[in-house]
Amino acid sequence: MKNFIAIILCFLTVGVFGQSAGVASYIEKYGDNSEFTTITVNKKMFQMLATAANGDKDMDPDVKEMIDNLDELKILTTKSGIGTHYKEANKLIEGDGFEELMNVKDKGDNVRFMVKDSDGGNIVDELIMIVSGEEFVLLDFIGKIDLTKVAKLGK
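Those letters in the sequence shown? Residues 1 to 155, per the working numbering, in order.
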């Protein structure tokens, strides 16, 4: 489980189509709820990260490109009603045409990666990660995401 969290942290720290309707409605439904924390990272922030990364000679060029191709990241998290939120989010996302990329279950923690693409290849338009365990976390990456480059981060 720690490895998967590390992969996500790498993606977040190094890391064009609109958000899917089900995901958008879910985030809108709970985004203003005081029991949730909501974070939105917009294209401008990714552009700033990509610009800063240009001076980093040690950073992998593929990672720089991934950062530049992200349009938005939305994060929604809570420590209450974890199981209920996990089931509700999964139901909405499955009904929204997402395909499961990977599902990890480890000691009561569940991590699910789901993607939506328009061309059926390795480039996806949206990558969602849903986590349940000690807290519920939904991460929604929007942009042109090359899955071969994401896999490279995990190595």
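Where is the CB? At the ideal position from N, CA and C, for every residue including glycine.
Of N103, A89 and E65, the smallest CA-CA separation from S20 is found for A89.
Note: D146 is bridge-paired with I123 in the DSSP secondary-structure output.
Per DSSP, the beta-bridge partners of F36 are T78.
Take V41, set aside five residues on each side of it, and the residues of its chain with a beta-carbon closer than 6 angstroms to its own are L73, in chain order. If you look at E65, you'll find it in the alpha helix (DSSP H) that goes P61 to D68. Relative to V23, the option among V137, A151, N69 and M59 whose CA is nearest is V137.
Under the DSSP assignment, K29 falls in the alpha helix (DSSP H) whose first and last residues are A21 to Y30. Of the residues D58, M48, L49 and V131, the one whose Cα lies closest to the Cα of G81 is V131. Beta-bridge partners of K105 (DSSP): N110. In chain order, G22, V23, S25 and Y26 place their CB closer than 8 angstroms to the CB of L92, counting only its own chain and leaving out the 5 sequence neighbours on each side.
Sequence-distant partners of V115 (beyond 5 residues in either direction) whose C-beta falls short of 6 angstroms from its own C-beta, in its chain, are E99, L101, V124 and L127. With a threshold of 16 other beta carbon atoms within 10 Å, D56 falls short and is exposed.
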